[in-house]
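Q: In my numbering, the protein residues as written are 903 to 1105. Glycine residues also receive a C-beta, built at the ideal position from the N, C-alpha and C atoms. Got a structure for you, written out below as structure tokens; questions coming shortly.
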Amino acid sequence: FGQPTTINNVETFAVIPSLILHGGEWFRQWGTDVSTGLKLFCLSGHINKPGVVEVPYGLSVRQLVEQFGGGFDGEPQAVLIGGAAGGFLHPDNLDTPLTHEDLHKFDVPIGSGAVVVFNQSVDLWKILEGLAKFFVDECCGQCAPCRLGTKQIYRFLQKTNADDSNSGDSDRVEKLAQTIKTTCVCGLGMTAANPLHTYLKNF
């Protein structure tokens, strides 16, 4: 219902002592008015130096990878931001600041802070199929939009990859993605279609 239930996020716990010692103004010296403070980002995929870094909100993906990830390994094809429930950013937008407000126009959430780079050697449709399978497996089955919708998205991607056409009824599956996002009961269902939705929108 739009309210927190319990704080079980390690990143949240880790910052509390510093907030108590230094106060909120100290934390606000980093980031933006909307995306305040520091954020942990986990860099992986086709970069030269994977790892976890803590940086202020507002660095671009390009700055993050070049300054802390050792640069790109090959030419970037896409960047998945926010983990399995996150979204795909097109390489034309690598200079977008990593803030909630700047990524919002691409429907890409910062989420967990995962930043996975895929170079041109990767078949992104296969990546999408793997992510869709994850949500089918993780769905608890209690609400119909998630239970049925995740399976339909997975079947769509299986068929698209099997036909090797990378096409199909994308309009129908995009409507399905929007339905899942607006009608599922929990956060898993609401974000299950994010990877496919953002790929269709941004590519």
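Less than 8 Å separating the beta-carbons of D1009 and H1099?
A: In the sequence shown, the residue the question calls residue 1009 occupies position 107. In the sequence shown, the residue the question calls residue 1099 occupies position 197. Cβ atoms of D1009 and H1099: closer than 8 Å.
Q: Could you check if E1031 is buried or exposed, using at least 16 other CB atoms within 10 Å of its CB as the buried criterion?
A: Here residue 1031 refers to the residue found at position 129 when the sequence shown is read from its first residue. E1031 comes out buried.
Q: Suppose the cutoff is 7 Å on Cβ atoms and the five residues either side in sequence are ignored; what does the same chain contact list for N950 look like?
A: Within the sequence shown, residue 950 is the residue found at index 48, counting from 1. These residues qualify, in order along the chain: G971, G972, G973, D975.
Q: Secondary structure at G947, three-state DSSP: helix, strand or coil?
A: As a first step, residue 947 is located in the sequence shown; it is residue number 45 there, counting from the start. Three-state result, G947: strand.
Q: To the nearest angstrom, report how far apart V1018 and G947 are at their CA atoms.
A: In the sequence shown, counting from the first residue as 1, residue 1018 sits at position 116. In the sequence shown, counting from the first residue as 1, residue 947 sits at position 45. Straight-line Cα distance between these residues: approximately 5 Å.
Q: Is Q1044 helix, strand or coil by DSSP?
A: Taking the sequence shown and counting its residues from 1, the one referred to as residue 1044 is at position 142. Of the three classes helix, strand and coil, the one that applies to Q1044 here is coil, per DSSP.
Q: Out of curiosity, what's the CA-to-CA distance linking R1049 and A1094?
A: Walking along the sequence shown from the start, residue 1049 turns up at place 147. Walking along the sequence shown from the start, residue 1094 turns up at place 192. Answer to the nearest angstrom: the Cα atoms are 11 Å apart.
Q: Count the other C-beta atoms from every protein chain shown that fall within 10 angstroms of the C-beta of V936, then say buried if there are 16 or more, exposed otherwise.
A: Locating residue 936 in the sequence shown gives position 34, counting from the first residue. The residue is exposed, with fewer than 16 neighbouring Cβ atoms inside 10 Å.
Q: Applying the criterion that 16 or more other CB atoms from any shown protein chain within 10 Å of the CB defines a buried residue, is I1055 buried or exposed?
A: Stepping through the sequence shown from its first residue, residue 1055 is reached at position 153. Buried: at least 16 other Cβ atoms inside 10 Å.
Q: Report the rounded CA-to-CA distance for F990 versus T1001, giving the unit in angstroms.
A: Within the sequence shown, numbered from 1, the residue matching residue 990 stands at position 88. Within the sequence shown, numbered from 1, the residue matching residue 1001 stands at position 99. Approximately 15 Å between the Cα atoms of the pair.
Q: Check N911 in the structure and name its three-state DSSP category.
A: Taking the first residue of the sequence shown as 1, we reach residue 911 at position 9. In this structure, N911 counts as coil in the three-state DSSP scheme.
Q: Can you tell me the Cα-Cα spacing of F943 and S1014, whole angstroms?
A: To locate residue 943, count along the sequence shown from 1; it is residue 41. To locate residue 1014, count along the sequence shown from 1; it is residue 112. Cα to Cα, F943 sits roughly 8 Å from S1014.
Q: Whose C-beta lies closer than 7 Å to the C-beta of Q1060 among residues of the same chain, with five residues either side of it excluded?
A: Taking the first residue of the sequence shown as 1, we reach residue 1060 at position 158. E1031, listed in sequence order.
Q: Run through DSSP, which three-state label would E1003 get?
A: Position 101 of the sequence shown holds residue 1003. Looking at E1003 - three-state DSSP - the assignment turns out to be helix.
Q: Span of the beta strand (DSSP E) holding N1021?
A: What you label residue 1021 is simply residue 119 of the sequence shown in a count that begins at 1. Secondary structure note for N1021: its beta strand (DSSP E) is the uninterrupted segment 1016-1021.
Q: Which two residues bound the contiguous beta strand (DSSP E) that contains V967?
A: Taking the sequence shown and counting its residues from 1, the one referred to as residue 967 is at position 65. Element bounds for V967: not the beta strand (DSSP E) but the alpha helix (DSSP H), 963-970.
Q: Can you name, in chain order, every residue of its own chain whose Cβ lies under 6 Å from the Cβ of G1043, other than the five neighbours on each side?
A: Locating residue 1043 in the sequence shown gives position 141, counting from the first residue. Cβ neighbours of G1043 beyond the five flanking positions: R1049.
Q: Is F903 helix, strand or coil by DSSP?
A: In the sequence shown, the residue the question calls residue 903 occupies position 1. Correct three-state label for F903: coil.
Q: How far does the alpha helix (DSSP H) with P1097 in it reach, from first residue to last?
A: Position 195 of the sequence shown, counting from 1, holds the residue named residue 1097. 1096-1104 is the extent of the alpha helix (DSSP H) around P1097.
Q: C1193: buried (16+ other C-beta within 10 angstroms of its C-beta) or exposed?
A: The shown model of the chain, from 903 to 1105, leaves out residue 1193, and the question about it has no answer.
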